[in-house]
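Everything on this sheet refers to the single structure shown next.
Numbering (this note's numbering), first residue to last: 2 to 338.
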């Protein structure tokens, strides 16, 4: 009789120990911090296989207690394969909820290219997100892309796709190649710019439109100035004047600075419109839609000069004397209309 009571007591103790162990494993985190780990659950993995993966990643302490939890709660039959980001301080319930809903790690990244970014700037941004800068630039030089508008681009440009990588927000799979990223931007250019250009029925070649738009994009700070800057560019071209667009000098130099020196203006480059007459050899940025619109539909003015105010807007002048007066007034802080 005493032996029977002893066995019964031992059974009770074992049950209590088991329940304590079960509680510890199901309620107390496997890790001592909220450190996140990336976990991949392959397709057709059994519940026990998933439990072992979780243990390997220190999300749970013991795979068998996890399986017991699933059995008791009737869970584990609807786990989904995929990529997960889990924390090492998660209780079983939260783990089960996430694995049942499906991957909580997005396969896409958001890439926003601002208007006026250059090919080099886009390459820098992509490199910060995990893509190869060198491979991207190489594709911009020698990559083969099947778009009709690319056939008219001269082959002697350092980056022949400069101006044609349409600024926009893209959602890109992380496995996407540099070539495919470029193709997405070119397709967007085809869908937006080429469609608009064809509807305008203009005689000016698309490549010239993009070159002019790229200068407008770098010079304009407010939308109302875009068609006015476009008018200055075309007026000077029609009169045979050098464009003398500061942004082309900066592009040629490959730097950013607030003030250009006389030496800068004399820099010998086919992009420097202080050095060459007419348009630069190619676009100096990737312009947005509004600058494309302005390049195709310039304002009708008699302006040949403009200078920036402190707020980014511009004063436009018909003559050089007016232009000099505007510069002096801005330097003195006077209001110029």
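Think of the CB as a built atom: it goes at the ideal place given N, C-alpha and C, for glycine as much as any other residue.
Check, Outcome
"Run through DSSP, which three-state label would residue 320 get?", "coil"
"Would you please state the rounded distance, in angstroms, between the beta carbons of residue 299 and residue 231? I believe it to be under 8 Å.", "4 Å"
"When you compare only the Cα positions, how much space is there between residue 322 and residue 314?", "20 Å"
"With a Cβ-Cβ cutoff of 9 Å, do residue 186 and residue 114 count as a contact?", "yes"
"Counting only the same chain and skipping the five closest in sequence on each side, list residues whose C-beta sits under 7 Å from that of residue 308.", "315, 316, 324, 327, 328 and 331"
"So what does residue 173 bridge to, in DSSP terms?", "110"
"Give me the Cα-Cα distance between residue 31 and residue 85, rounded to the nearest whole angstrom.", "In this prediction, residue 31 has a pLDDT of 48, which is less than 50 and means its spatial position is unreliable; what the coordinates show is noted afterwards. So the alpha carbons of these two residues sit roughly 17 Å apart."
"Does the structure place the segment 180 to 197 close enough to the segment 283 to 293 that three or more beta carbon pairs sit under 8 Å?", "yes"
"Could you give the distance in angstroms between the alpha-carbon of residue 112 and the alpha-carbon of residue 169?", "8 Å"
"Taking 9 Å as the cut-off, decide whether the C-beta atoms of residue 132 and residue 97 are in contact.", "no"
"Go ahead and label residue 320 buried or exposed: buried means 16 or more other beta carbons lie within 10 angstroms of its beta carbon, across all protein chains shown.", "exposed"
"Throw me the rounded Cβ distance for the residue 41 and residue 87 pair, which I believe falls under 8 Å.", "Rounded, the Cβ-Cβ distance is 11 Å, inconsistent with contact."
"In whole angstroms, what is the alpha-carbon distance linking residue 235 and residue 107?", "47 Å"
"Please determine if the segment 255 to 271 and the segment 206 to 226 are in contact, where contact requires at least 3 C-beta pairs separated by less than 8 Å.", "no"
"If you measure between the beta carbons of residue 47 and residue 252, is that distance less than 9 Å?", "no"
"If we count the other Cβ atoms within 10 Å of its Cβ and call it buried at 16 or more, is residue 101 buried or exposed?", "exposed"
"Give the DSSP bridge partners of residue 84, in chain order.", "41"
"If we count the other Cβ atoms within 10 Å of its Cβ and call it buried at 16 or more, is residue 250 buried or exposed?", "buried"
"Give every residue of the same chain whose Cβ lies closer than 7 Å to the Cβ of residue 128, excluding the five residues on either side of it in the sequence, and list them in chain order.", "134"
"Could you give the residue range of the beta strand (DSSP E) that holds residue 308?", "306 to 309"
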